[in-house]
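S.K.:
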Amino acid sequence: MEKCVINQQEVSWVDVFDALDRGVSVVTGNTRLAGAIRHAFEQRAIGQGLEVWFTPDVLPWSAWLQRCWEQAVVSGGVSAPALLLTPQQELRVWEDIIAASSAGQPLQQLVGAARRAQDARQLLQSWRLSLDEAVFRYNDDSAAFWQWASRFESICTQKGWLPTARLADELHRSLLASEWMPSTGLALIGFDELAPQQQSLLQALVETGCDVRWLQLQGKESQTARVSCVDARQEAATVARWVRQRLDENADAQIGVVVPELASQREIVMHALDEILVPHALQPGQQSVVRPYNISLGLPLSVYPIINTALKLLGLLERVISLEDAGRLLRSPFIAGWDQEISARTLLDGRLRETGELKVSLGTLRYHASRTTRSYACPVFAENLGAWIKAARDYPRTGSPGQWSERFSRLLKAIGWAGGRTLSSEEYQAAEAWRELLGAFSALEPVTAVMTASAAVAQLRRMAAERTFQPQTGAAAVQVLGMFEAIGLQFDYLWVMGLHDGAWPTPPRPNPFIPLRLQRDAGLPRASEERELHVARTITDRLLTSATEVIVSFPRRHGEEELRPSPLIADLPVLNQEDLRLWSVPTWRDDVHRSARLTVLEQDPAPPIENEEVPGGSAVFKLQAACPFRAFAELRLGARPLGRADIGLDARTRGLLMHRVLEKVWDALESHERLVAMECAQLGGLVENIVGGAIDEIANRYPQTFTGRFRSMEAERLCRQVLQWLALEKQRVPFRVVEREGKHEASAGGIRVRLKVDRIDELADGRQVVIDYKTGEVKPSQWFGERPDEPQLPLYSMAVEGDIAGVLFAQLKAGAMTFKGVVAESGMIPGVKSYDSLKPLRDLNSWSDVLSDWRATMERLGAAFRSGEAAVDPKQYPHTCAYCELTPLCRINELTVLDEEPCDAGGQS
9 MEKCVINQQE VSWVDVFDAL DRGVSVVTGN TRLAGAIRHA FEQRAIGQGL EVWFTPDVLP
69 WSAWLQRCWE QAVVSGGVSA PALLLTPQQE LRVWEDIIAA SSAGQPLQQL VGAARRAQDA
129 RQLLQSWRLS LDEAVFRYND DSAAFWQWAS RFESICTQKG WLPTARLADE LHRSLLASEW
189 MPSTGLALIG FDELAPQQQS LLQALVETGC DVRWLQLQGK ESQTARVSCV DARQEAATVA
249 RWVRQRLDEN ADAQIGVVVP ELASQREIVM HALDEILVPH ALQPGQQSVV RPYNISLGLP
309 LSVYPIINTA LKLLGLLERV ISLEDAGRLL RSPFIAGWDQ EISARTLLDG RLRETGELKV
369 SLGTLRYHAS RTTRSYACPV FAENLGAWIK AARDYPRTGS PGQWSERFSR LLKAIGWAGG
429 RTLSSEEYQA AEAWRELLGA FSALEPVTAV MTASAAVAQL RRMAAERTFQ PQTGAAAVQV
489 LGMFEAIGLQ FDYLWVMGLH DGAWPTPPRP NPFIPLRLQR DAGLPRASEE RELHVARTIT
549 DRLLTSATEV IVSFPRRHGE EELRPSPLIA DLPVLNQEDL RLWSVPTWRD DVHRSARLTV
609 LEQDPAPPIE NEEVPGGSAV FKLQAACPFR AFAELRLGAR PLGRADIGLD ARTRGLLMHR
669 VLEKVWDALE SHERLVAMEC AQLGGLVENI VGGAIDEIAN RYPQTFTGRF RSMEAERLCR
729 QVLQWLALEK QRVPFRVVER EGKHEASAGG IRVRLKVDRI DELADGRQVV IDYKTGEVKP
789 SQWFGERPDE PQLPLYSMAV EGDIAGVLFA QLKAGAMTFK GVVAESGMIP GVKSYDSLKP
849 LRDLNSWSDV LSDWRATMER LGAAFRSGEA AVDPKQYPHT CAYCELTPLC RINELTVLDE
909 EPCDAGGQS
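Be aware that the sequence shown starts at 9, since it is given in the numbering used here, and climbs by one per residue.
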């Protein structure tokens, strides 16, 4: 490493302000410190009673380099290259180089490899290390990097591109070769070390007459102490109460909270601060909250809802989107018309889920949205989607990044993105960041060939995920920072949390593409334990003098793992939490819990049903038997869960398809006699034709599911199952099918329901057998008792006129095909015994008693439903509730706890 010729000087804030008053340019080690210096300068001017003052020249190193380059080009100090590459442009070049190389072919994370290669090249340039093939050839990773880097340099030279890593070197050369000078005075603040490349540039400035100073703010006389907490959550909660107490004592105090692992602890720290400082932020429905604290670590731009909506809208260019994405777009408040159609769009989301498909075409989405007679009609959304479809149809399939950027903007405007409601400040800033992102995407044009729509959207989505966005807020009293963001800052009060031995010093993370020995010998950042210890000790010492009161803390546990304090804070005096002067007022959550009073409401019946005919079919009786409240909530209140789609066909749709095939088969066969008389080949051809026709019908409803391969597999499966079933039907006594998918009504308990009976067979003696097809497993025992689990066939026996000899389920389950049910006597149906052999029916004397018993049960359930009986009374808790989604409404779990924990006479449980 080159010896630095610029020595550090300790200065006060007064010295910094004096330098700014003289027009000195202040260059900082990070963006946050630059903002802090500007803010302090403005506060001094306000304190002096000034109404107007000049803007101080303060900017971070990277921005200063960029400005110097622009000045050098304008002054003629350098010849402008064909292109000064931005970091994003460089990354794209690295990606293309790696993707085209043999070493890059097996890589699963191409972008990650490109980013590490870019970082490696930056390190080599900053620390004046040559790209020597002899040094890099000793392991596969570094050898591959040498090839990539050589190719990168060759491309840049050939095309006249200047990488960012070489910008400081070009400025250095221009200073030595011309009269150009960026400024007469320069002050560096917030740098604990200077890389050799930086030192060379600064030395060149000194040699041209620029007064360069390397400053360090004087530390404060501070009281320091160490605190331990149970875990990270208790630590964050303690910090929040400590912060609140300091703000109550001094509203103008500047407070810092430093977190080494801020990325992983961000949500925990935010929740703790919100609960104590802005408790209303945690209440449901809060969209925009002004917080008295600022967090230095932003989030990926792509996670902000308004940006996520834009990215999902661009996914419409595929012409087919996932059901989940369609639902998110319909519920998004960032699409025009949302405020007018919020209810209808939610209903449309539910309607799309009922289709049973995992993907939705734009045509299907627009069709349903434009059905004006439906409750889920969304005319504004339909019109805007139509405009989108028309605009997208006119675009070529490929284009440059600049062309796609313009197209994306037009498409989003056509569909009304960012127009659903008035945007909050955070949302508005995110939308502006999106426009900047499109500009960065357009800037890829010089380094990127033409792209397809899907490739362009994928690139933009990745850039949004990689770009960190932090909304700008007013000056906040509390700053939450990572370790390196805190360098150079000073506060009135400071708490450094999370200083356990596993987090601080940070473990080494050498770059995988630079030989480890080279990194350690050169003292590269993150290369060795010794270097990380030195860096951590320097930062720790600085932080301990950055405020008049400094508290450091660590969690004693992380899950089952015991943690120890970092050795860098082990010698600090220990302070008990009782001596911390914490804010001790109960939180709003504590107040809510303490004010809670148990209110027990009587389960009064619902209003009785006035009309005799009720919708729901056999589900009325099934739900009433399972739980009266569920029957009331689902059938009378309409409280039903959203539909779910799955890969392929769901069980319900498979059942409908099987129903349709068997209906058509018996339309053709009509009787047992014709079935047994038909040759196997002829029967197979009949079934194959019927299956093909049924699949053609249903495929129109499920176009995304019934692809060519799936269609053939489903046809083969159906043919096989139907022929296996017909082989079982041949074993029956003679019958003829007298009804298929017949419509009937059943009356019980003062209500009347409509039913569809799959099939009715007539035996030779004129008696009838009622059959219902089931593709799953069934149990006849579930038909009996005071609260039968499956009352469907008992209802059918009441609805069908004539002499009924049996009620059956045709179990069409692959590998377990059979009849299951109850018949008047044995021998009628293969494998089905007479009613008197079933345990639940042994007390009944005749077949007519069985039918009468069923009728009595249905009468009782029907009367209960009509009268409004809606008690939360599951038949068998928790089994009955396993697949019910009404527990937040009925609160069965709370009710069972009350039943299990009765209070004594004194009210104590």
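No residue lacks a Cβ here, since even glycine has one placed at the ideal position from N, Cα and C. Just so it is clear, the structure is predicted and the values come from calculations on it, not from any experiment.
Nearest to residue 284 by CA position, among 137, 123 and 299, is which residue?
M.R.: Your numbering for residue 284 matches position 276 in the sequence shown. Here the closest residue by C-alpha is 299.
S.K.: Ordered along the chain, which non-local residues of its own chain (more than five positions away) have a Cβ less than 6 Å from that of residue 630?
M.R.: The residue you call residue 630 lines up with position 622 of the sequence shown. The residues are 799.
S.K.: Considering Cα atoms alone, identify which of 233, 227 and 108 is closest to residue 561.
M.R.: Taking the sequence shown and counting its residues from 1, one reaches residue 561 at position 553. Looking at the Cα atoms, 233 is the closest of the given residues.
S.K.: Run the CB neighbour count on residue 240, radius 10 Å, all protein chains shown included, and call it buried at 16 or more, exposed below.
M.R.: Stepping through the sequence shown from its first residue, residue 240 is reached at position 232. Of the other Cβ atoms in all chains shown, 16 or more fall within 10 Å of the Cβ of residue 240; this residue is therefore buried.
S.K.: Using the C-alpha atoms, what's the distance from residue 821 back to residue 885?
M.R.: Position 877 of the sequence shown holds residue 885. Position 813 of the sequence shown holds residue 821. Their backbone Cα atoms lie some 29 Å apart in a straight line.
S.K.: Hey, how far is the Cα of residue 862 from the Cα of residue 826?
M.R.: As a first step, residue 862 is located in the sequence shown; it is residue number 854 there, counting from the start. As a first step, residue 826 is located in the sequence shown; it is residue number 818 there, counting from the start. In a straight line, the C-alpha of residue 862 is about 23 Å away from that of residue 826.
S.K.: Check this for me: beta carbons of residue 537 and residue 523, under 8 Å apart or not?
M.R.: The residue given as residue 537 occupies position 529 in the sequence shown. The residue given as residue 523 occupies position 515 in the sequence shown. No.
S.K.: Is the region 786 to 800 touching the region 744 to 754 in the sense that three or more CB pairs, one from each, lie closer than 8 Å?
M.R.: no
S.K.: For residue 557 versus residue 230, is the C-beta distance shorter than 8 Å?
M.R.: Walking along the sequence shown from the start, residue 557 turns up at place 549. Walking along the sequence shown from the start, residue 230 turns up at place 222. Yes, the Cβ-Cβ distance between residue 557 and residue 230 is below 8 Å.
S.K.: Out of 816, 814 and 754, point me to the one whose CA is closest to residue 867's CA.
M.R.: Here the question's residue 867 lines up with position 859 in the sequence shown. Nearest of 816, 814 and 754 to residue 867, Cα basis: 754.
S.K.: How is residue 455 classed by DSSP in three states: helix, strand or coil?
M.R.: Start at 1 with the first residue of the sequence shown, and residue 455 comes out as number 447. Note: residue 455 maps to helix in three-state DSSP.
S.K.: Does the separation of the CB atoms of residue 227 and residue 345 fall below 8 Å?
M.R.: One-based indexing of the sequence shown puts residue 227 at position 219. One-based indexing of the sequence shown puts residue 345 at position 337. For residue 227 and residue 345, no; Cβs fall outside 8 Å.
S.K.: Note down, one range per segment and in chain order, each beta strand (DSSP E) of at least 3 residues found wholly within the region 459 to 496.
M.R.: 486 to 489
S.K.: Taking the Cβ atom as the reference point for each residue, do residue 773 and residue 749 lie within a distance shorter than 8 Å?
M.R.: Sequence index remark: in the sequence shown, residue 773 carries index 765 (1-based). Sequence index remark: in the sequence shown, residue 749 carries index 741 (1-based). Cβ distance not < 8 Å, so residue 773 and residue 749 don't count as in contact.
S.K.: What are the start and end residues of the alpha helix (DSSP H) that includes residue 253?
M.R.: As a working mapping, residue 253 is identified with position 245 in the sequence shown. Taken as a continuous stretch (DSSP letters only), the alpha helix (DSSP H) holding residue 253 covers 240 to 257.
S.K.: Quick check: the Cα distance between residue 916 and residue 592, rounded to an integer number of angstroms?
M.R.: As a working note, residue 916 is residue 908 in the sequence shown. As a working note, residue 592 is residue 584 in the sequence shown. Only weak support exists for where residue 916 lies, its pLDDT of 35 falling under 50; the value from the coordinates is given anyway. Each residue's alpha carbon lies about 28 Å from the other.
S.K.: If you draw a straight line from the C-alpha of residue 911 to the C-alpha of residue 605, how long is it?
M.R.: Stepping through the sequence shown from its first residue, residue 911 is reached at position 903. Stepping through the sequence shown from its first residue, residue 605 is reached at position 597. Residue confidence for residue 911 is low, a pLDDT of 35 falling below 50, so the modelled location carries little weight; the figure read from the coordinates is stated next. Rounded to whole angstroms, residue 911 to residue 605 spans 14 Å at the Cα level.
S.K.: According to DSSP, is residue 591 helix, strand or coil?
M.R.: The residue given as residue 591 occupies position 583 in the sequence shown. If DSSP states are grouped into helix, strand and coil, residue 591 belongs with coil.
S.K.: How about residue 893: is its C-beta nearer than 8 Å to some C-beta of chain C?
M.R.: Protein chain content of the structure displayed is limited to a single chain, and chain C is not contained in it.
S.K.: Would you mind stating whether residue 481 and residue 302 have Cβ atoms separated by less than 8 Å?
M.R.: On the sequence shown, residue 481 is found 473 positions in, with the first residue counted as 1. On the sequence shown, residue 302 is found 294 positions in, with the first residue counted as 1. Going by C-beta atoms, residue 481 is nearer than 8 Å to residue 302.
S.K.: Spell out a yes or no on whether the region 400 to 416 and the region 459 to 469 are touching, meaning 3 or more CB-CB pairs, one atom from each, closer than 8 Å.
M.R.: yes
S.K.: Roughly how many angstroms lie between the CA atoms of residue 580 and residue 507, to the nearest whole one?
M.R.: By 1-based counting over the sequence shown, the position of residue 580 is 572. By 1-based counting over the sequence shown, the position of residue 507 is 499. The alpha-carbon atoms of residue 580 and residue 507 are separated by roughly 12 Å.
S.K.: Can you look up residue 136 in the DSSP assignment and give me helix, strand or coil?
M.R.: The count along the sequence shown starts at 1 and reaches residue 136 at position 128. Note: residue 136 maps to coil in three-state DSSP.
S.K.: Measure the Cβ-Cβ separation of residue 330 and residue 489 and say whether it is below 8 Å.
M.R.: Numbered from its first residue, the sequence shown carries residue 330 at position 322. Numbered from its first residue, the sequence shown carries residue 489 at position 481. The beta carbons of residue 330 and residue 489 sit no closer together than 8 Å.
S.K.: Return yes when the Cβ of residue 213 is within less than 8 Å of the Cβ of residue 80, no when it is not.
M.R.: Locating residue 80 in the sequence shown gives position 72, counting from the first residue. Locating residue 213 in the sequence shown gives position 205, counting from the first residue. At least 8 Å separates the beta-carbon of residue 80 from that of residue 213.
S.K.: I believe residue 321 touches residue 425 by the beta-carbon criterion, under 8 Å. Please report the beta-carbon distance rounded to the nearest angstrom.
M.R.: Numbered from its first residue, the sequence shown carries residue 321 at position 313. Numbered from its first residue, the sequence shown carries residue 425 at position 417. Sure, about 6 Å apart at Cβ, within 8 Å.
S.K.: Between residue 193 and residue 220, what straight-line distance do the alpha-carbon atoms span, to the nearest angstrom?
M.R.: Taking the first residue of the sequence shown as 1, we reach residue 193 at position 185. Taking the first residue of the sequence shown as 1, we reach residue 220 at position 212. The alpha-carbon atoms of residue 193 and residue 220 are separated by roughly 6 Å.
S.K.: Which residue wins for smallest C-alpha separation from residue 14, given the options 127, 119 and 201?
M.R.: Start at 1 with the first residue of the sequence shown, and residue 14 comes out as number 6. Answer by Cα proximity: 201.
S.K.: Could you give the DSSP three-state label for residue 436: helix, strand or coil?
M.R.: By 1-based counting over the sequence shown, the position of residue 436 is 428. Here residue 436 sits in helix by DSSP.
S.K.: Pick out whichever of 342, 740 and 85 has its Cα sitting closest to the Cα of residue 683.
M.R.: Walking along the sequence shown from the start, residue 683 turns up at place 675. Answer by Cα proximity: 740.
S.K.: Please state whether the Cβ-Cβ distance between residue 136 and residue 205 is less than 8 Å.
M.R.: To locate residue 136, count along the sequence shown from 1; it is residue 128. To locate residue 205, count along the sequence shown from 1; it is residue 197. Against a cut-off of 8 Å, the Cβ pair of residue 205 and residue 136 comes out as a contact.
S.K.: Can you give, in chain order, each stretch of the alpha helix (DSSP H) that sits fully within the region 323 to 363 and has at least 4 residues?
M.R.: Entirely contained in the region 323 to 363, the alpha helix (DSSP H) runs reaching 4 residues are, in chain order, 331 to 339 and 346 to 361.
S.K.: Can you tell me whether residue 62 is buried or exposed? The criterion is at least 16 other CB atoms within 10 Å of its CB, across all chains shown.
M.R.: Taking the first residue of the sequence shown as position 1, residue 62 is located at position 54. It counts as exposed.
S.K.: Tell me whether residue 771 sits in a helix, a strand or coil according to DSSP, three-state version.
M.R.: What you label residue 771 is simply residue 763 of the sequence shown in a count that begins at 1. Strand.
S.K.: By the 10 Å Cβ neighbour count, where 16 or more other Cβ atoms means buried, how is residue 887 classified, buried or exposed?
M.R.: The count along the sequence shown starts at 1 and reaches residue 887 at position 879. With fewer than 16 Cβ atoms within 10 Å of its Cβ, residue 887 is classed as exposed.
S.K.: With burial defined as no fewer than 16 other Cβ atoms inside 10 Å of the residue's Cβ, what is the status of residue 856: buried or exposed?
M.R.: As a first step, residue 856 is located in the sequence shown; it is residue number 848 there, counting from the start. So residue 856 ends up on the exposed side.
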